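Residue numbers (the working numbering): 572 to 1321.
For every residue, glycine included, the Cβ atom is placed at its ideal position computed from N, Cα and C.
Here the structure is a predicted model, which means the values were calculated and not measured.
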């Protein structure tokens, strides 16, 4: 063992003396220097002799401190400031609530769900206790109440009414500015509640909401049922009060969604507190849909019974009230099933009125027979010719005025048409007389007869049309139908094409001009030729032209051929001038390209199927010295007095003036040849009849006093097909019936 120290013994030697523990067992380490002397980085001070002294400021204690190096104190955030402000309040609230919380703590702990529940066996371990159920229900009710209160406070009654609540009629005017017709989806006339009989009011209330005067504006039972049906089963279910229905009519839309129903309920609650029950009922009765294009009880009364609402009895009112459930299902005139439903609901409503004390049993007993309504709405007679005019003007107004269907249906438009009231009356009268005569002479054949007619001015204005016998029974306008071929009434367009473009007897070389004196073969059965020889059809047969009655005329001038309606020269002229030129000329004059026939020789003999309006427009081009103006039916549109931009068609050169004058001259000779003495020798009257192969249509088209009129008579059985049928003398001999209508519409001709 090593000794750390040694001493002297008695013999004078050194004895070993043990050291103190701290001197022998501990490691001696020099004491650590102070941190500031050993652990800090010593940096020599910088030379600041050239830097000016820093200003000093004194703090609130009077101690001076330098600005340099002073860091700006951090500003507290809004959250920190809010926390600092609320801290005292929360502390006081916690102190105040401490006794309450101390009292409730044991009970709240018992409400806290513990899964599985201690002390229970089997499945009961997982079922909450009645206290927990109660707490959940009370919590849900509290949250629901809070949500409803907030929603009610946040819901405002809209300032803007639903657009359909203010929908208007559209008004159409004749060319002289007098009203012609009123149309629109909505027919509405607001009536004060005092002018609506009490029996009518209670018929509606009995049908829709008998507790109206006592409910808060909504039906909790109905809303619950509607929500269950909408959310749970994917469809919709009613259950609305009259207040809710009124809100839906004037503020919202008809969408059956949960959000819309909730908004409806909130607005209904507010409206019920803000508006009187009578005012709500009045608004409801004036905005509800009753079918037949009517809104409101007044228009419904006129549409179904032809009288004002003030004259309705409770039985009639009950029938009208049944329509509120759905006019498409309960209008008794729409079919037997509808009639049965209407009778059943009508009887139920009357019984309900007795039950709620608004109709005596004795009076109820007098209403045994169902009050049959009128078959048609007298407010909108769709049987008149003006309805065809409205149809044309509406289509034109929407297209050229760039008005959408939705905006037009909302109404408020004033449509100033080009239709001449006197000419329309003359044309309608002439067609009516011809129709009645045909029905007397041959009722069976006349049943399928159709009469289309139109008068168009040389400046493009459509002055009159005849669209058919009854707009309710016939869904199309005969004056605008492209149904039957033009026949020989098309020859003037072939003549104009030849005069404009000349003819080619060979494939090469320039065209040779033709005039009215140019001669062509007018014999019947003349084969049609091309520069290479005869024209063969697809069946391998030579194509030949034929004249009416098989008459041959020998060599004949083109002018005379048109005046006498000789077909064969024009079939060959069409081939010589080029069928493409014939099509282009007819289209430039006013015929639609979609109505032009195929580019085969039959094109020259009228295989095209233009409408009466377009044929009249084409002949008007000849009368206007070759300038064509697209036909139009509206000259001005305003919307609640504000002018709607509308572009009126302008004239454009279609064919040369010389060509147009020659065609017009030949047509004047055609008129005089066929109807000598019908007009004075100085009258500028021109016209031509048109017949077709197979006698399926008869035309007369002509001009007088800057007006062109086209009339067509044909037969079609609409119940079977759209194939034309033989006329069987419905148009008379040599198309004298179309001419009779034309002359009646154009009278006087002199």
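So which of the options has the shortest CA-CA distance to residue i?
i, options, result
"residue 955", "784, 996, 777", "996"
"residue 1232", "1195, 1007, 1241, 1259", "1195"
"residue 1002", "1314, 1273, 1236", "1314"
"residue 1061", "1023, 1145, 1098, 1303", "1145"
"residue 1281", "1290, 1270, 1289", "1270"
"residue 1136", "1098, 1126, 1119, 1143", "1119"
"residue 970", "1165, 942, 1080, 1219", "1219"
"residue 1132", "1086, 921, 1174, 1109", "1086"
"residue 913", "705, 1084, 940", "940"
"residue 906", "932, 946, 930, 931", "946"
"residue 1022", "1284, 1311, 654", "1284"
"residue 1014", "667, 1299, 659", "1299"
"residue 568", "1033, 1224, 986, 1089", "Residue 568 falls outside the range modelled here, since the chain spans only 572 to 1321, and no answer is possible."
"residue 1128", "1098, 1088, 1099", "1088"
Determine the DSSP secondary structure at residue i, reduced to helix, strand or coil.
i, result
"residue 1228", "helix"
"residue 1193", "helix"
"residue 966", "helix"
"residue 1304", "helix"
"residue 622", "The predicted position of residue 622 is uncertain, since its pLDDT is 43 and thus under 50; a value taken from the coordinates is nonetheless stated next. It is coil, neither helix nor strand."
"residue 973", "coil"
"residue 750", "strand"
"residue 860", "strand"
"residue 784", "coil"
"residue 1090", "strand"
"residue 1285", "strand"
"residue 1309", "helix"
"residue 764", "helix"
"residue 1162", "coil"
"residue 1180", "coil"
"residue 816", "helix"
"residue 1317", "helix"
Do you know how far the Cα of residue j is from the Cα of residue i?
i, j, result
"residue 1322", "residue 675", "The shown model of the chain, from 572 to 1321, leaves out residue 1322, and the question about it has no answer."
"residue 1265", "residue 944", "48 angstroms"
"residue 853", "residue 1297", "60 angstroms"
"residue 962", "residue 1030", "21 angstroms"
"residue 1148", "residue 1105", "16 angstroms"
"residue 1156", "residue 1177", "14 angstroms"
"residue 1250", "residue 1130", "21 angstroms"
"residue 826", "residue 819", "Because the pLDDT at residue 826 is just 48, under 50, the model does not fix this residue reliably, and the value given afterwards should be weighed accordingly. The alpha-carbon atoms of residue 826 and residue 819 are separated by roughly 9 angstroms."
"residue 768", "residue 1279", "56 angstroms"
"residue 1019", "residue 967", "29 angstroms"
"residue 813", "residue 918", "21 angstroms"
"residue 1076", "residue 1239", "30 angstroms"
"residue 898", "residue 860", "8 angstroms"
"residue 677", "residue 657", "29 angstroms"
"residue 981", "residue 1312", "39 angstroms"
"residue 893", "residue 1213", "40 angstroms"
By a C-beta neighbour count over all protein chains shown, 10 Å radius and 16 as the cutoff for buried, is residue i buried or exposed?
i, result
"residue 1309", "buried"
"residue 903", "buried"
"residue 973", "exposed"
"residue 889", "buried"
"residue 629", "Reliability fails at residue 629, whose pLDDT of 42 lies under 50, so the model's placement of it is uncertain and the value that follows must be treated cautiously. With fewer than 16 other Cβ atoms within 10 Å, it is exposed."
"residue 1200", "buried"
"residue 883", "buried"
"residue 1071", "buried"
"residue 1306", "buried"
"residue 1078", "exposed"
"residue 671", "exposed"
"residue 665", "exposed"
"residue 599", "Its pLDDT being 48, under 50, residue 599 is placed unreliably by the model, and the measurement read from it follows with that caveat. Label assigned to residue 599: exposed."
"residue 710", "exposed"
"residue 1154", "buried"
So, residue i versus residue j, is the Cβ gap smaller than 8 angstroms?
i, j, result
"residue 1044", "residue 745", "no"
"residue 876", "residue 887", "yes"
"residue 1260", "residue 1237", "no"
"residue 1166", "residue 1053", "yes"
"residue 948", "residue 864", "yes"
"residue 1091", "residue 1140", "yes"
"residue 1187", "residue 1272", "yes"
"residue 849", "residue 776", "no"
"residue 816", "residue 855", "yes"
Taking only beta-carbon positions, decide if residue i is within less than 8 angstroms of chain C.
i, result
"residue 1172", "No chain C appears in this structure, which consists of one protein chain only."
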